[in-house]
Amino acid sequence: SYAHERQLVLCIVSSLLVQSGGHHTKEDYAVRGKEPKDEVQIYTWKDANLRELTDLVKEVSVAARRRDARLSFAFVYPDKNGRLIVRQVGQTMSYPNRKQPDDSKTLADLHFEIGDYLDVAIY
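Read in the UniProt record's numbering, the sequence shown has 25 at position 25, and its numbers run on one by one without any break.
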């Protein structure tokens, strides 16, 4: 079964940062140890999709529970020269009856790497 297979796959801990009104900027992440204060540690899998992550965000953010809330996902990571990149990777709607093309995209599909920050903007 899918649930059993997931138990056999490496679980990753990721830093999830949620903000209403827009994504954090790369400057917000510039100083190690002084990242945005709204960080939440989550346990997830590289095969988790954006719909599943939306449901996780709704557990920790009241704004994400609004029926008309739109969530935008971005990865924050250093490029090969050490400069921070904020790369938007997909959008979902708070409630699954408003399906979006990005709902089924997984972290692996989007090239998430262990150590990347997962930044979520709620509109």
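Backbone N, C-alpha and C fix where the C-beta goes; we use that ideal spot for every residue, glycine too. Since the model is a prediction, treat every value here as computed from it, not as a measurement.
Which residues in the same chain have their Cβ closer than 8 Å to the Cβ of residue i, if we skip the five residues on either side of it in sequence?
i, result
"serine 94", "Thr54, Lys58, Ala64, Arg65, Arg66, Arg67, Asp68, Ala69, Arg70 and Leu71"
"leucine 8", "No answer about leucine 8 holds up, because its pLDDT of 48 lies below 50 and its placement is not dependable."
Using 8 Å for Cβ pairs, my map puts residue i next to residue j. What's the rounded Cβ distance?
i, j, result
"phenylalanine 75", "valine 62", "Not confirmed; about 24 Å, so no contact."
Who are the Cβ neighbours of residue i in its own chain at under 6 Å, not counting the five residues just before and after it?
i, result
"leucine 16", "Val40, Ile42 and Leu118"
"valine 60", "Val40"
"residue 140", "The requested residue 140 is not part of the displayed model; the chain covers only 1 to 123."
Does the Cβ of residue i have 16 or more other Cβ atoms within 10 Å, making it buried, or fewer, making it exposed?
i, result
"isoleucine 122", "buried"
"valine 18", "buried"
"alanine 30", "exposed"
"aspartate 79", "exposed"
"threonine 92", "buried"
So if DSSP puts residue i in a beta bridge, which residue, or which two residues, is it bridged to?
i, result
"isoleucine 114", "Isoleucine 114 pairs with nothing; no bridge assigned."
"proline 78", "Leu84"
"glutamine 41", "Ser15"
Any beta-carbon of chain B closer than 9 Å to the one on residue i?
i, result
"serine 14", "Chain labels in this structure do not include chain B; a single protein chain is all it has."
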